[in-house]
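Residue numbers (UniProt numbering): 1 to 203.
Glycine residues also receive a C-beta, built at the ideal position from the N, C-alpha and C atoms.
Working notes for the structure below.
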């Protein structure tokens with residue numbers, strides 16, 4: 001379980017491509033995230049839950065299978081690229097964002113960016129398969145960040161980012177056209193799907 005509060009950014013230092021559908025990558029963690037690590041523990045990379053398979057100081061290795069490579073933006077990473085990181089939440093931790101599973105459902109892309117003196121608004125294409133779950137003022141996970149949805153209209157949705165988010169996450173350097181991992185809010189999905197089933201049963 002994760003909270004969507006990115007704890008740091010890590011740099012990809014090595015990639016091992018065992019086959020077309022299996023890859024291992026090694027990420028250099030920030031120093032404050034590299035303490036008390038264990039093989040088998042989970043760390044979210046751009047919101048995608050990955051399992052630690054090897055530890056060498058701050059350099060930590062993870063395996064990515066075909067589904068992960070196909071469904072997320074991790075498959076397009078190159079050595080030198082950075083990822084948003086969050087270690088798994090512990091019972092008793094403060095939930096500053098919203099409860100997230102680390103299971104990416106789809107990707108979207110940034111279609112435009114509006115900048116003001118202190119804030120930035122990012123507009124994203126709204127994938128058809130998640131349109132029912134993306135609601136104004138609801139939660140969404142984007143590259144592992146728990147964010148509040150702004151407006152939803154004309155096949156797009158947006159989020160408003162404060163300077164702290166821009167500084168602490170990859171969103172400070174994201175550009176139009178970049179692919180972003182999406183996790184929808186599980187509670188929203190449960191409510192929407194329940195209502196849809198009830199309405200269908202009344203027909």
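- Nearest C-alpha to residue 73 among 105, 151 and 37: 105.
- Nearest to residue 166 by alpha-carbon distance, out of 18, 120 and 26, is 120.
- For residue 89 against residue 58, the beta-carbon gap comes to about 21 Å, at or over 8 Å, which does not count as contact.
- Going by C-alpha positions, residue 44 is about 42 Å away from residue 203.
- Within 10 angstroms of the beta-carbon of residue 199 lie fewer than 16 other beta-carbons, which makes it exposed.
- For residue 1, the secondary structure class from DSSP, reduced to helix, strand or coil, is coil.
- Taking the C-beta atoms as reference points, residue 81 is found no nearer than 7 Å to residue 24.
- When Cβ pairs closer than 8 Å are counted between the two stretches, the segment 152 to 165 is seen not to touch the segment 183 to 193, the count staying below three.
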